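Report on the following structure.
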Amino acid sequence: MYNAKIYVTYKESILDPQGEAIKTALHRLNYENVKAVTVGKYFEIKIEDHGQNIEEQVRKMSDELLANINMETYRFEISRIEED
Amino acid sequence: MIYSIIRFPGSNCDWDMYYVLRDVMNVVPQFVDYREKSLPQDTVAVLIPGGFSYGDYLRSGAIARFSPIMDAVKKFAYAGNPVIGICNGFQILTEAGLLPGALRSNDSLNFICKPQKLVVENNQTIFTKRFDLKQTVMFPIAHGEGNYYCDSATLQDLKDHHQIVLRYQNNPNGSTDDIAGIINQKGNVLGMMPHPERASEAVLGGEDGKMLFQSLIESMTQNV
Numbered sequence: 118m119y120n121a122k123i124y125v126t127y128k129e130s131i132l133d134p135q136g137e138a139i140k141t142a143l144h145r146l147n148y149e150n151v152k153a154v155t156v157g158k159y160f161e162i163k164i165e166d167h168g169q170n171i172e173e174q175v176r177k178m179s180d181e182l183l184a185n186i187n188m189e190t191y192r193f194e195i196s197r198i199e200e201d
Numbered sequence: 152m153i154y155s156i157i158r159f160p161g162s163n164c165d166w167d168m169y170y171v172l173r174d175v176m177n178v179v180p181q182f183v184d185y186r187e188k189s190l191p192q193d194t195v196a197v198l199i200p201g202g203f204s205y206g207d208y209l210r211s212g213a214i215a216r217f218s219p220i221m222d223a224v225k226k227f228a229y230a231g232n233p234v235i236g237i238c239n240g241f242q243i244l245t246e247a248g249l250l251p252g253a254l255r256s257n258d259s260l261n262f263i264c265k266p267q268k269l270v271v272e273n274n275q276t277i278f279t280k281r282f283d284l285k286q287t288v289m290f291p292i293a294h295g296e297g298n299y300y301c302d303s304a305t306l307q308d309l310k311d312h313h314q315i316v317l318r319y320q321n322n323p324n325g326s327t328d329d330i331a332g333i334i335n336q337k338g339n340v341l342g343m344m345p346h347p348e349r350a351s352e353a354v355l356g357g358e359d360g361k362m363l364f365q366s367l368i369e370s371m372t373q374n375v
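Here it is in structure tokens:
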């Protein structure tokens, strides 16, 4: 079994209004050294090993559904886990 | 001649659309459930109403595009037939790849519900031929994620092919190039965030929206 952890965020060129709002809030809490906040989505997907190319499969899932590649980008980590 | 209105779980402008088509425009609307695999045989146009299909889970419109009916809608669109997506319908059309770009959260992060002045940027479409070029019209918007985005190459492409149909006069949400509505290159798929179905009767504050439906209906009757 694999565990894929996928992180989706806006592309760098795109203003992230939630991140901006949180940055302002952190400044209000006097964390003046906060320079940037990025908000994104986090997925954990457990996938059975059927001998497939797991990286390719996760990339395809991300392109097709988890991220909207018009405006978002993603990265992922894959680890092997024990079967339940 | 049936105007098919697609209903997803969470659609909430379906009755507004139905009412305007039936009682104001005097044509025959029909609801089509998202679980259906085909459109009514006499469908001349598909309308995807506003709302929060599938609770906006993941991204607005992202899950609706996998509904059984969407294959039929795509086939209908690829064959050159008219499809309009309003608000959540626009979001669904971009997620389904029928229109370019995507809709992000409004730059203010606020849900905005108020009338907006729009400029008709292309009146050479089956949906807008009753309008004058550069005519200013008033439609309400009601969305939290109506901030249109596309990359600069796509934007140039939209401009080159006159695909920007409506622009905001005062950009309320941060949309790229003030875009409020776009059409595909073929000219049969229109997506827009503002609600013409909420601006089709004087008693509701304005009738500008009626011209959009009139344009479509006229185009359909002339085709037959």
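Sequence lines, in order, name chains A and B.
Heads up: take any position in the first sequence, counting from 1, add 117, and you land on this note's numbering.
Heads up: take any position in the second sequence, counting from 1, add 151, and you land on this note's numbering.
Where a beta carbon is used, it is the ideal one built from N, C-alpha and C, also for glycine.
Quantities reported herein were computed from a predicted structural model and do not represent experimental measurements.
- CA-to-CA, the gap between isoleucine 263(B) and isoleucine 333(B) works out to about 20 angstroms.
- Aspartate 328(B): not part of any alpha helix (DSSP H); DSSP gives it neither H nor E.
- The distance from the Cβ of serine 256(B) to that of proline 134(A) is about 6 angstroms, consistent with a contact at the 8 angstroms cut-off.
- Restricted to the segment 127-199 of chain A, the alpha helix (DSSP H) segments that are unbroken, complete and at least 4 residues in length are 134-145 and 171-178, listed in chain order.
- For glycine 252(B), the chain A residues whose Cβ falls inside 9 angstroms of its Cβ are Asn187 and Met188, in order along the chain.
- Scanning Gln314(B), Gly360(B), Thr245(B) and Ile235(B) for the CA closest to the CA of phenylalanine 290(B) turns up Gly360(B).
- In the DSSP assignment, alanine 196(B) falls within the unbroken beta strand (DSSP E) covering 194-199.
- Residue pairing by DSSP places threonine 287(B) opposite Val270(B) in a beta bridge.
- For the segment 131-159 of chain A, the residues whose beta carbon sits under 7 angstroms from a beta carbon of chain B are, in order, Ile131, Leu132, Pro134, Gln135 and Ala138.
- With contact defined as three or more Cβ pairs closer than 8 angstroms, the segment 154-165 of chain B and the segment 193-201 of chain B are in contact.
- If you keep only unbroken alpha helix (DSSP H) runs of at least 4 residues inside the segment 213-269 of chain B, you get 220-229 and 239-246.
- The alpha-carbon separation between leucine 254(B) and leucine 367(B) amounts to approximately 25 angstroms.
- Interface with chain A (8 angstroms Cβ-Cβ cutoff): aspartate 258(B) is included.
- Pairing aspartate 222(B) with lysine 188(B), the inter-Cα distance amounts to about 7 angstroms.
- The Cβ of alanine 228(B) sits no closer than 8 angstroms to any Cβ of chain A.
- The residue among Asn170(A), Val156(A) and Gly136(A) with its C-alpha nearest the C-alpha of alanine 121(A) is Asn170(A).
- DSSP places glutamine 307(B) inside the alpha helix (DSSP H), whose first and last residues are 303-311.
- Taking 8 angstroms as the CB threshold, cysteine 301(B) lines the interface with chain A.
- Interface residue (Cβ-Cβ distance to chain A less than 8 angstroms): alanine 213(B) is classified as such.
- It is roughly 26 angstroms from the alpha-carbon of glutamate 161(A) to the alpha-carbon of glutamate 137(A).
- Against chain A, a Cβ distance below 8 angstroms from arginine 210(B) picks out Asn185.
- Using a C-beta cut-off of 8 angstroms, the segment 226-237 of chain B makes contact with the segment 334-344 of chain B, since at least three inter-stretch Cβ pairs fall below that distance.
- By the Cβ neighbour-count rule, tyrosine 159(A) is exposed, with fewer than 16 other Cβ atoms within 10 Å of its own.
- In the DSSP assignment, no residue is bridged to aspartate 165(B).
- By a beta-carbon distance limit of 8 angstroms, phenylalanine 203(B) contacts asparagine 163(B). Their separation comes to about 7 angstroms.
- Residue state for lysine 122(A) is assigned as strand, using DSSP reduced to three classes.
- Distance from isoleucine 164(A) to tyrosine 119(A) at the Cβ level is roughly 5 angstroms; contact confirmed, criterion being Cβ atoms closer than 8 angstroms.
- Three or more Cβ pairs drawn from the segment 291-308 of chain B and the segment 246-253 of chain B lie within less than 8 angstroms of each other, which places the two stretches in contact.
- Secondary structure note for valine 340(B): its beta strand (DSSP E) is the uninterrupted segment 340-343.
- Proximity of the segment 258-272 of chain B to the segment 309-321 of chain B meets the contact definition, three or more beta-carbon pairs being nearer than 8 angstroms.
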